[in-house]
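Reading through the C-alpha cells given below for one structure.
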Amino acid sequence: MTTGQRIAAKRRELDLSQEGLGEALGVSRQSIYKWESDSSLPDVDKLVALSRLFHVSVGWLLGVEEDQEEHISNDLSPAQLKLVEEILSRYQQSSQLTAEQQERVSELVEQKVRESRSPRHRRLRYGAACLALLLVLLAGRSLFARLKELDRQYTDLANSVGNITYSVNSQIGSITSRVEEILKSQNSLVADYATNIQSADLASNTVTFSVSVVPKTYTEGLEILLHADTGDGLVDVPAVPGPGQEFSGQITCPLTDSITLSAVLVDQGTRQTQLLGNYSSLYGSSLPAVDISLLESALLNIPRGEDGLFHVRENYGFLTGLSASASAVNEDIGQSQVKQVQLGLFRNRALLFWLEPCGRPDNHHGFEEAEQWFHLPSVELDLQEGDELVFAALVTDQYGRQIVIPSLPASRVEGDEITWFSTSFDFPSEPDGWGLAG
C-alpha cells in the first residue's frame with residue numbers, strides 16, 4: 003500500500019470523513035485528498051500527528067516498516083506469547099478459579115481436614131490457601147501491567163526511530179536537491195527567470211502564464227521563444243526584450259495536469275532550450291474533489307460460488323465534495339462546480355454498470371456529510387483471474403469538463419476470491435482512459 007492508501011484506510015477505520023480528519027489536523031479537506039491520492043506527502047509535523055491519531059508508527063505510514071500486528075507477533079517468542087496469555091487470563095478472570103485450581107484447593111482442604119478436626123485449625127489452613135492464591139493473582143496482575151508498560155515504551159521507541167529515519171532521509175534529500183540546484187545553475191543558459199500563473203479561464207479550459215528570462219550571455223540579435231508543452235500539444239510565443247536584457251511575455255495554453263514551460267534561445271541560427279518550470283495537477287485541482295465512501299468493503303473477501311460466479315451483496319455508498327461551497331485547491335486556477343456526477347463499477351477500467359442514486363437507507367444512521375447516496379444491487383459477476391474491480395465517479399462540471407475519480411483501494415480476483423489489491427494503482431483521470439470518451 004502507498005502512504006496515501008494507508009492514511010485513507012486508517013481514516014475509514016476511525017469512521018472519519020476527509021473533512022473530519024482535516025479538522026483534527028488543522029488542514030483543509032483538499033490537503034487530505036492530495037495525501038490520500040498520493041499527489042503530495044504530509045510534512046513531518048502532520049506525519050507525527052497522523053501516527054499518534056492512528057496509533058501507528060511514522061515508518062508504517064511511509065511504508066518502511068511492516069504491519070503493526072505482524073511486527074508485534076514477530077517480536078515475541080511463542081513462550082512469551084503463552085506467558086502473556088496466561089497472565090491476561092488470570093487478570094481478566096481473577097474472581098474465578100480454573101477446574102485444575104478448584105481440584106487442587108479441594109485436595110488441600112480434604113488433607114487438612116483429615117490431619118486436624120479443629121475448626122480453628124481448619125479455618126487457618128483454608129485462609130492460608132486463599133491468601134496464597136490471592137498473592138499469585140496479584141503477582142500476575144502486576145506482571146501484566148509491567149508487560150503493558152514495556153510494550154508502550156517499545157511503541158514510543160519505534161515511533162522515535164521512525165521519526166529519526168524520516169528526518170535523516172529528509173536531510174539527505176535536501177542536500178541532494180541543493181547539489182542538483184548548483185549543477186543546474188552552472189549549466190543554465192539564463193542568469194535569472196520567473197514563471198507565474200497569471201490567470202485561468204475554466205470555460206475555455208486554458209491557463210495563462212507570465213514569464214521573464216534574463217539570459218546568462220547576451221548578444222545582439224538574440225531572440226527568445228516562450229515554449230509550453232501540455233502533453234497534448236505545443237505552444238510557442240516570442241518574448242519581448244526589455245530593460246536590463248530581460249525578455250518577458252505571457253503564454254496561454256490548454257489547462258492540463260502536466261505543463262512544462264521552457265525558453266528557447268535563438269542566436270545566429272543556433273537554438274538552445276532552457277527548462278523553466280513544471281506545473282502538475284492544475285486541471286484536476288480545478289474540478290471538485292469528490293470522495294467516495296462506504297463502498298470499499300463491498301468487494302472484499304467474496305469467494306467464487308459453486309456456479310463459478312462471484313455473488314456481490316446489496317450495499318450502499320455516498321459521495322462528498324459536491325457542494326459549490328468547497329474552497330479551491332489552487333486559488334490561482336479556481337474551482338468549478340459539479341453539474342452532474344455518475345458512480346459506476348468498472349472492471350479493468352471498462353464500465354460494468356452505473357449505480358442508481360437514492361436517498362439515505364433507513365438502516366444507515368449518521369453520515370451527515372453524505373451529499374448523494376447510491377445503491378449497489380446484489381449482482382453476479384463472471385470474473386477471471388487478475389481482473390481488477392474499482393468504483394469510480396465520472397464528474398462533469400458546468401463547463402462540460404470531465405474527470406474520473408476512483409475509490410481506493412481497488413480490488414482484484416486472486417485465485418477464487420476477490421480481495422483488495424495492495425499494489426499501488428496509477429489510474430488515469432481522463433474519461434477516455436476508462437472507455438467513456440464522448
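Residue 3 is where the sequence shown starts when you use the working numbering, and the numbers rise one by one after that.
Ideal placement from N, C-alpha and C gives every residue a C-beta, glycine not left out.
What you are looking at is a predicted structure, and each value in this text was computed from that prediction instead of being measured.
DSSP places Ile-405 in the uninterrupted beta strand (DSSP E) bounded by 404–408. Relative to the Cα of Asp-203, the nearest Cα in the group Ala-230, Thr-275, Ile-304 and Gly-336 belongs to Gly-336.
Relative to Ala-11, the option among Phe-56, Gly-279, Val-46 and Thr-232 whose CA is nearest is Phe-56. In the structure shown, the three-state DSSP call for Asp-309 is coil. Between Ser-179 and Leu-297, the C-beta gap is not smaller than 8 angstroms, which leaves the two residues out of contact. Annotation for Thr-219: no beta strand (DSSP E) segment contains it, and DSSP assigns it neither H nor E.
Annotated as distal: Ala-291 and Gln-276, with beta-carbon spacing of 8 angstroms or more. The Cβ neighbour count for Asn-161, taken over all protein chains shown within 10 Å, is at least 16; the residue is labelled buried.
Your pair Phe-348 and Trp-422 does not check out as a contact, with CB atoms roughly 16 angstroms apart and the cut at 8 angstroms. Counting the other Cβ atoms within 10 Å of the Cβ of Lys-150 gives fewer than 16, which makes it exposed. The three-state reading of DSSP puts Ala-352 in strand, counting E and B together. Per the coordinates, the alpha-carbon of Ala-26 lies some 14 angstroms from the alpha-carbon of Gln-32.
When the Cα atoms are used, Ala-147 and Gln-7 turn out to be separated by approximately 35 angstroms. Beta bridge pairing from DSSP links Glu-25 with no other residue. Taking a contact to require three or more Cβ pairs closer than 8 angstroms, the stretch 278–285 and the stretch 368–379 do not qualify as touching.
Here DSSP, grouped into helix, strand and coil, assigns Tyr-168 to helix. DSSP places Phe-211 in the strand class (E or B) of the three-state scheme. Between the alpha carbons of Glu-222 and Asp-293 lies a distance of about 56 angstroms. Per DSSP, the continuous beta strand (DSSP E) segment holding Gln-252 begins and ends at 249–256.
Remark: fewer than three beta-carbon pairs, one from each stretch, lie closer than 8 angstroms, so the stretch 41–57 and the stretch 311–318 are not flagged as touching. DSSP, read as helix, strand or coil, puts Ile-174 in helix. Beta-bridge pairing by DSSP links Leu-301 to no other residue.
Just measuring C-alpha positions, the residue of Thr-272, Thr-157, Ala-196 and Thr-232 sitting nearest Glu-225 is Thr-272. Taking each of His-377, Gln-344 and Val-340 in turn and checking the Cα distance to Tyr-318, the smallest one comes out for His-377. Just so you know, the alpha carbons of Ser-413 and Ile-199 end up roughly 39 angstroms apart. Here Glu-382 carries a strand assignment [DSSP, helix/strand/coil]. For Thr-4, the secondary structure class from DSSP, reduced to helix, strand or coil, is coil. When rounded, the separation of the alpha-carbon atoms in Asp-17 and Leu-23 is 10 angstroms. Where Glu-38 is concerned, the enclosing alpha helix (DSSP H) starts and stops at 31–38. Approximately 35 angstroms separates the beta-carbon atoms of Tyr-285 and Asp-269; this is outside 8 angstroms, ruling out the contact. Of the other Cβ atoms in all chains shown, 16 or more fall within 10 Å of the Cβ of His-229; this residue is therefore buried. The continuous stretches of alpha helix (DSSP H) do not include Leu-228, which lies in the beta strand (DSSP E) extending over residues 225–231. DSSP places Val-58 in the coil class of the three-state scheme, outside both helix and strand. Close CB contacts of Thr-210 within its chain, under the 6 angstroms cut and outside five residues either way in sequence, are with Gln-200, Ser-201, Gln-252 and Thr-254 (chain order). When the Cα atoms are used, Ala-352 and Pro-379 turn out to be separated by approximately 19 angstroms. Going by C-alpha positions, Ile-420 is about 27 angstroms away from Ser-41.
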